[in-house]
Amino acid sequence: MLPGKRLDVLMKAMNESRQVKKDAYKELKEAGNKLVTARDSLNQAWYLEQGEYEKYLDDKESFKRMRSLCGCNVKFIEGVLDNLLEMIERLQEKLQKSESRHLSSTLRIQIREYEEEYSCYTQEICHHDNAIIAAQAELDKVLHTLRDYRGKRKELKPIFDSAKEKRDDAQVEHKSAVLDYSNSARKFATYRNYLAEKIGIPSRYRRSGVFVEIRSDYSVMFYFGGKGGPKGEGCGYYVMNKKGKVIYRQRPVKLTGQG
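In numbering that gives the first Met the number 0, the protein residues as written are 0 to 258.
Pasting the structure below:
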């Protein structure tokens with residue numbers, strides 16, 4: 000392959016690998032951003048679940064204590080009700096046997112008082128039962144919320160895993176692209192420097208860098224020795240045809256103020 004053509008092939012390979020590396024970096028950055036978003040969402044869901052779980056445990060213990068206390072109170076009240084019921088039944092038996100109008104009136108008053116007391120205690124039992132039912136309902140709400148948070152966290156886990164897998168794949172692709180670019184750039188630079196030496200560009204200029212432009216006919220312009228860079232002000236340049244023969248030489252111009 001002719002030198003100009005070969006250098007052009009190497010340059011195009013380098014430019015293509017540079018674009019691949021650039022695209023791979025873009026993909027890696029996007030995958031990294033998606034992973035951060037997925038991780039933040041998963042962490043937030045986990046914190047919400049943990050907070051609600053701790054609340055559920057606290058509320059459950061409080062509910063157990065309240066239910067136990069209400070149960071003790073109800074048991075005590077049920078004993079009182081049994082006693083009241085026995086007294087009412089005894090008074091009713093006396094009332095049935097009583098032949099005295101005054102005694103019957105007194106017994107009716109006592110029975111009514113015990114019945115009112117019995118009704119009050121019955122309402123108190125209902126109050127305790129309702130309190131337990133209400134507390135159980137509140138605990139069920141907390142459990143429902145906990146299950147919602149847990150379900151959301153489980154939904155987000157595969158999204159996070161997928162984002163992590165894509166980020167890891169993007170890292171591999173980017174690393175491979177960087178290596179490919181490094182190899183293609185090294186091959187191009189090696190051959191460019193070989194040609195620069197072959198066509199006679201002084202070593203002091205080659206050490207500071209040589210810039211090339213490849214024309215459509217595969218002739219090559221070698222720039223070197225310019226101010227601030229190979230193609231800077233006052234630079235020199237050699238023109239090599241596609242076969243590798245130098246057809247023009249222009250030495251760098253020494254500018255005012257340069258040593």
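For glycine and all other residues, C-beta sits at the position ideal for the given N, C-alpha and C.
Predicted, not measured: the structure shown is a model, and the values here were computed from it.
- Counting other Cβ atoms within 10 Å of its Cβ, Gly-225 reaches 16 or more and is therefore classed as buried.
- Assignment of beta strand (DSSP E) within the region 172-256, counting only whole runs of 3 or more residues, yields 209-213, 219-223, 235-239 and 245-249 in chain order.
- Scanning its chain for C-beta atoms nearer than 6 Å, with the 5 sequence neighbours on each side dropped, one finds around Arg-17 the residues Tyr-180, in chain order.
- Contact check for Leu-56 against Arg-152 fails: the beta carbons are separated by 8 Å or more.
- Between Leu-194 and Leu-6, the C-beta spacing is below 8 Å.
- Spatial neighbours of Phe-210 in its own chain (CB-CB distance under 6 Å, excluding positions within 5 residues in sequence) are listed in chain order as Tyr-222, Pro-229 and Lys-230.
- Looking only at Lys-156, Leu-106 and Ala-30, the smallest Cα-Cα distance to Glu-88 is reached by Leu-106.
- Annotation for Met-0: no alpha helix (DSSP H) segment contains it, and DSSP assigns it neither H nor E.
- Nearest to Val-79 by C-alpha distance, out of Cys-119, Asn-14 and Gln-43, is Cys-119.
- Burial is judged here by how many other beta carbons sit within 10 angstroms of a residue's own beta carbon; Cys-234 has at least 16 and is buried.
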